[in-house]
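Quick notes on the structure that follows.
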Amino acid sequence: MEHENLLQYRRVGALGDGGQAAARLRTAARAVAWDRDGRWYLAGDQEVLVFDAAGNLQHRWPTTAPAWALDVEPSGRLWSAGEETVEVFDRTGQLQETWRDPALGFVTAIAVVEDGIFVADARARWIHRFDRHRSLLN
């Protein structure tokens, strides 16, 4: 059989409220991330929504620019990234840091690891690696 090596998937559930969470955004859902406690974060125009595992809205806070990428550190800090900007929030939505740098490019993915930060720049079509002091490594 031609497709015998393909993995077979089946739906086992839906995130939160079956898609109604995105309707709570003012225009569009652009990024999603999960933390270790099962909460999930949804980014839109200029806000982040935080839901519990059952899909109940827990928090909502503004961002200064549209977020196209999210990551949550084990400590619970949320990294929200977009065009030449990264914002870092604590678990309650308080802005902790703002990082603006043309070297970031148009960030469509972000991964925060112990010794650095990786960002996918859609404009340059590169993945950039920065150290924790925001210095570009490669």
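Take the sequence shown: its position 95, counted from the start at 1, is 406 in my numbering, and no numbers get skipped.
Using N, Cα and C, we set each Cβ at its ideal position, and we do this for glycine too.
Owing to the predicted nature of the structure, the values given are computational and were not obtained by experimental measurement.
- Per DSSP, the beta bridge partners of Arg-371 are Leu-360.
- For His-444, no beta strand (DSSP E) segment is defined, and its DSSP state is neither H nor E.
- Taking every protein chain shown into account, the CB of Glu-398 has 16 or more other CB atoms within 10 angstroms, so this residue is buried.
- The beta carbon of Trp-351 sits closer than 8 Å to the beta carbons of Leu-326, Gly-327, Val-343, Ala-344, Trp-345, Val-361, Phe-362, Ala-364 from its chain, once the five residues preceding and following it are set aside; these are given in chain order.
- In the three-state scheme derived from DSSP, where H, G and I count as helix and E and B as strand, Ala-392 is classed as strand.
- Restricting attention to Gln-405, Phe-441, Thr-403, the CA atom closest to the CA of Ala-414 is found in Phe-441.
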